[in-house]
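Chains as they are written, first to last, in numbering that gives the first Met the number 0: chain A, 0 to 192; chain B, 0 to 192. The beta-carbon is built from N, C-alpha and C at its ideal position, and this holds for glycine as well. For reference, the structure discussed in these notes is given below.
Protein chains: 2
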Amino acid sequence: MQQVVDFILEIDRLKGITRKTRPVGLDRYENSAEHSWQLALLAASMVPHAAEPVDLDRVIRMLLVHDIGEIEAGDAIFYAEEGVAERKAQEARAVTRIFGLLPDPEGAAMLALWQEFEEATTPEARFAHAADRAMPVLLNLANDGQSWRENGITYQQVVSRLEAPISSGAPALWTYLSVQLAARHEAGWFGIR
Amino acid sequence: MQQVVDFILEIDRLKGITRKTRPVGLDRYENSAEHSWQLALLAASMVPHAAEPVDLDRVIRMLLVHDIGEIEAGDAIFYAEEGVAERKAQEARAVTRIFGLLPDPEGAAMLALWQEFEEATTPEARFAHAADRAMPVLLNLANDGQSWRENGITYQQVVSRLEAPISSGAPALWTYLSVQLAARHEAGWFGIR
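The following block contains the structure:
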């Protein structure tokens with residue numbers, strides 16, 4: 000039982016990893032723990048829209064652990080292009096250590112789910128990525144484009160980086176978002192860049 | 000898709016519902032969204048210690064939705080004894096409305112899981128309750144008894160309110176906690192009350 004306790008207190012640190020988006024109407028940034036919770040429920044809500052049939056329970060478990068590497072590496076905005084390889088290596092070391100706190104098979108199963116998400120080759124992982132990429136867009140659409148404005152993200156960046164991962168996992172979600180994004184672009188949200 | 004979006008933005012409000020415990024080392028109270036995430040992983044970590052065989056995936060889905068009624072009712076410390084019936088009724092109205100934002104079967108399935116947790120009669124619900132009751136104890140043990148001190152909770156209150164739900168769902172967890180609690184009581188954490 001002490002191993003379980005050590006693990007659960009270690010992952011408590013994910014509550015202190017802040018992202019670039021804010022919860023709607025709150026004057027703080029969201030953290031990666033509450034983000035993981037919301038993604039799991041986004042996946043459960045939109046499972047009929049998955050590109051292929053998926054095992055929803057594996058998607059949920061994957062989303063619950065997918066950000067745990069940030070405990071050591073921190074969160075980086077998806078549009079960041081520097082230091083990606085180094086951050087990924089740091090995350091891989093972190094999850095090996097953190098999931099290694101647990102006995103097997105629980106620890107090994109969580110590590111395998113984390114790796115499946117990273118590799119993004121199964122239908123479950125692609126659907127999980129679609130949820131992960133879409134959630135900050137949904138918050139931005141409800142928050143006047145807050146994290147895009149604060150970080151100087153352009154309409155073209157959003158579309159070019161998000162279309163493939165979202166439409167590959169949940170095409171109907173990308174159809175929905177692309178209409179919303181184009182309307183916000185028309186309305187001048189992204190400035191004249 | 001708009002129904003999914005309306006739902007996911009509505010439950011975003013759970014990130015603004017604060018509890019009485021603090022994440023370890025952080026100078027803020029935790030919220031019910033990140034708490035729900037942590038409970039799901041606590042359940043996944045300690046499933047070999049469940050009192051009876053459980054469907055872990057149902058436990059996880061149950062824990063992800065169990066606090067959503069707090070969006071309208073707020074969080075109340077477990078030791079509060081006033082207004083319980085009124086708060087429960089308010090939570091039941093809230094979840095009917097909120098899960099009703101989703102199409103079925105997704106909305107109906109989440110409502111059924113919320114009700115299963117409330118009724119606490121299945122092995123899955125009892126195990127989920129054990130996780131829910133144990134998590135603030137684990138945080139308090141790591142935080143010098145922070146929420147007990149701040150709210151004047153006695154050792155006797157902790158033991159008398161938590162022993163039944165935790166040992167009914169995860170007896171080995173209660174064995175672990177009871178030793179820790181007795182040691183902290185000996186060390187004077189709870190004052191002379």
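- Within the chosen definition, does the segment 0-20 of chain A reach the segment 0-8 of chain B through at least 3 CB pairs nearer than 8 Å? no
| message | Please classify B:Lys14 as buried or exposed, where buried requires at least 16 other C-beta atoms within 10 Å of its C-beta. | response | By 1-based counting over the second sequence, the position of residue 14 of chain B is 15. The residue in question, B:Lys14, is buried, as its Cβ has 16 or more Cβ neighbours within 10 Å.
Contacting positions in the segment 165-192 of chain A - beta carbon closer than 7 Å to chain B | Ala171, Leu172, Tyr175
Let's see if you can read the secondary structure: which residues bound the alpha helix (DSSP H) around A:Thr174?
The count along the first sequence starts at 1 and reaches residue 174 of chain A at position 175. Looking at the DSSP string, the run of the alpha helix (DSSP H) that includes A:Thr174 is 170-185.
Comparing C-alpha positions only, which one of B:Arg27, B:Asp66, B:Arg21, B:Pro164 sits nearest to B:Arg132? Position 133 of the second sequence, counted from the first residue, corresponds to residue 132 of chain B. Checked all of B:Arg27, B:Asp66, B:Arg21, B:Pro164; the closest Cα to B:Arg132 is B:Pro164.
### Message
To the nearest angstrom, how far is the alpha carbon of B:Leu55 from that of B:Ala43?
### Response
In the second sequence, the residue the question calls residue 55 of chain B occupies position 56. In the second sequence, the residue the question calls residue 43 of chain B occupies position 44. If I take the Cα positions, the gap works out to 7 Å.
8 Å contact criterion, which B:Ala169 and B:Ala129 should meet: CB distance rounded | Looking up residue 169 of chain B in the second sequence gives position 170. Looking up residue 129 of chain B in the second sequence gives position 130. About 4 Å; that satisfies the 8 Å criterion.
Less than 6 Å between C-beta atoms, sequence neighbours within five positions excluded: which residues of the same chain meet that for A:Arg57? Indexing the first sequence from 1 puts residue 57 of chain A at position 58. Excluding residues within five positions, the ones whose Cβ falls inside 6 Å are Glu123.
For A:Glu9, decide whether its Cβ has a neighbour in chain B, counting only Cβ atoms nearer than 7 Å. In the first sequence, the residue the question calls residue 9 of chain A occupies position 10. Chain B, which has no Cβ nearer than 7 Å to the Cβ of A:Glu9, makes this no.
Since A:Glu33 meets chain B, which of its residues come closer than 7 Å, beta carbon to beta carbon?
The residue given as residue 33 of chain A occupies position 34 in the first sequence. Lys14, Asn30, Ala32, Glu33, Trp36, listed in chain order.
Check: Where does A:Arg192 fall in DSSP's three states?
Finding: Counted from its first residue, the first sequence places residue 192 of chain A at position 193. In this predicted model, A:Arg192 has a pLDDT of only 44, less than 50, meaning its place in the structure is not dependable enough to derive any value.
Exercise for the section: May I have the straight-line CA-CA distance separating A:Trp147 from A:Pro47, to the nearest angstrom? Expected result: As a first step, residue 147 of chain A is located in the first sequence; it is residue number 148 there, counting from the start. As a first step, residue 47 of chain A is located in the first sequence; it is residue number 48 there, counting from the start. The alpha-carbon atoms of A:Trp147 and A:Pro47 are separated by roughly 29 Å.
- Query: Which stretch, first to last residue, makes up the alpha helix (DSSP H) that contains A:Leu55?
  - Reply: Numbered from its first residue, the first sequence carries residue 55 of chain A at position 56. Looking at the DSSP string, the run of the alpha helix (DSSP H) that includes A:Leu55 is 55-64.
From the DSSP output, which residues share a beta bridge with A:Asn30? For the purposes of this step, residue 30 of chain A is taken as the residue at position 31 of the first sequence. Note: A:Asn30 sits in a beta bridge opposite A:Thr17.
- Using a C-beta cutoff of 7 Å, does B:Phe116 count as contacting chain A? Stepping through the second sequence from its first residue, residue 116 of chain B is reached at position 117. Answer no: the Cβ-Cβ gap between B:Phe116 and chain A never drops below 7 Å.
| said: Restricting to Cα atoms, I'd like to know which of A:Ala107, A:Tyr78, A:Trp188, A:Leu112 is closest to A:Gly144. | reply: Your numbering for residue 144 of chain A matches position 145 in the first sequence. Per the Cα distances, A:Trp188.
**Request:** Compare the C-beta of B:Leu40 with all C-beta atoms of chain A and state if any pair is closer than 7 Å.
**Result:** Taking the first residue of the second sequence as position 1, residue 40 of chain B is located at position 41. Output row for B:Leu40: interface = yes.
Apart from the five residues just before and just after B:Asn139, which ones in its own chain have a Cβ nearer than 8 Å to its Cβ?
The residue given as residue 139 of chain B occupies position 140 in the second sequence. Result list for B:Asn139: Thr20, Gln145, Ser146, Trp147, in chain order.
| So, B:Asp74 versus B:Ser35, is the Cβ gap smaller than 7 Å? | Walking along the second sequence from the start, residue 74 of chain B turns up at place 75. Walking along the second sequence from the start, residue 35 of chain B turns up at place 36. Taking 7 Å as the Cβ cut-off, B:Asp74 and B:Ser35 do not qualify as a contacting pair.
*Checking contacts by CB at 7 Å: is A:Glu90 closer than that to chain B?*
The residue given as residue 90 of chain A occupies position 91 in the first sequence. Judged by the 7 Å Cβ criterion, A:Glu90 is not in contact with chain B.
Determine the direct distance from the alpha carbon of A:Thr153 to that of B:Leu176, and round the result to whole angstroms. Residue mapping note: residue 176 of chain B aligns to position 177 of the second sequence, counting from 1. Residue mapping note: residue 153 of chain A aligns to position 154 of the first sequence, counting from 1. Taking the straight line from one Cα to the other gives about 52 Å.
7 Å Cβ cut-off: residues of chain A touching B:Asp56: Mapped onto the second sequence, residue 56 of chain B falls at position 57. Those within 7 Å of B:Asp56 in chain A are Asp56.
request  = Verify the CB distance criterion: does A:Ser44 have a CB-CB separation below 7 Å to chain B?
outcome  = In the first sequence, residue 44 of chain A corresponds to position 45, counting from 1. Yes, A:Ser44 counts as interfacial toward chain B.
Neighbourhood of B:Leu161 by C-beta, 6 Å cutoff - its chain only, sequence neighbours within 5 removed:
Within the second sequence, the letter at position 162 stands for residue 161 of chain B. Only Arg132 meet the Cβ criterion.
- [ ] With a cut-off of 8 Å on the beta carbons, I'd call A:Ile70 and A:Arg27 a contact; round off their distance for me.
- [x] For the purposes of this step, residue 70 of chain A is identified with residue 71 of the first sequence, where counting begins at 1. For the purposes of this step, residue 27 of chain A is identified with residue 28 of the first sequence, where counting begins at 1. No, A:Ile70 and A:Arg27 are not in contact; Cβ-Cβ is about 19 Å, not under 8 Å.
Would you list, in chain order, the members of the segment 139-153 of chain B that have their beta-carbon closer than 7 Å to a beta-carbon of chain A? Ala141
Q: Ignore the nearest five residues each way along the sequence and tell me which others in B:Leu16's own chain have a CB closer than 8 Å to its CB.
A: For the purposes of this step, residue 16 of chain B is taken as the residue at position 17 of the second sequence. This sequence places Ile at residue 16 of chain B; Leu is not what is there. Counting only Cβ-Cβ distances below 8 Å, and skipping sequence neighbours, we find Asn30, Ser31, Ala32, Asp66, Glu69, Ile70, Gly73, Asp74.
Just by C-beta distance, which residues in the segment 60-82 of chain B are closer than 8 Å to chain A? Arg60, Leu63, Val64
Along chain A, which residues have their Cβ under 9 Å away from the Cβ of B:Glu105? Position 106 of the second sequence, counted from the first residue, corresponds to residue 105 of chain B. The contacting residues are Ala43, Ser44, Met45, Val46, Pro47.
Next item on the list: Could you spell out the range, first to last residue, of the alpha helix (DSSP H) harbouring A:Thr95?
Entry: Numbered from 1 along the first sequence, position 96 holds the residue referred to as residue 95 of chain A. Where A:Thr95 is concerned, the enclosing alpha helix (DSSP H) stretches over 83-98.
(message) Does any residue of chain A have a CB that is nearer than 7 Å to the CB of B:Pro22?
(response) Indexing the second sequence from 1 puts residue 22 of chain B at position 23. So yes, B:Pro22 belongs to the interface.
| query | Which value, in whole angstroms, describes the spacing of the CA atoms of A:Leu40 and B:Glu185? | reply | Taking the first sequence and counting its residues from 1, one reaches residue 40 of chain A at position 41. Taking the second sequence and counting its residues from 1, one reaches residue 185 of chain B at position 186. Computed Cα separation, rounded: 42 Å.
B:Pro22 (DSSP reduced to helix, strand or coil):
Taking the second sequence and counting its residues from 1, one reaches residue 22 of chain B at position 23. It is coil, neither helix nor strand.
Counting C-beta neighbours from all protein chains within 10 Å, is the total for A:Gly106 16 or more, i.e. buried, or is it exposed?
Along the first sequence, one-based indexing puts residue 106 of chain A at 107. A:Gly106 is buried by the Cβ-count criterion.
- [ ] List the residues of chain A that B:Val3 touches, going by C-beta distances under 7 Å, in chain order.
- [x] Against the second sequence, residue 3 of chain B aligns to sequence position 4. The answer, in chain order, is Ser44, Met45.
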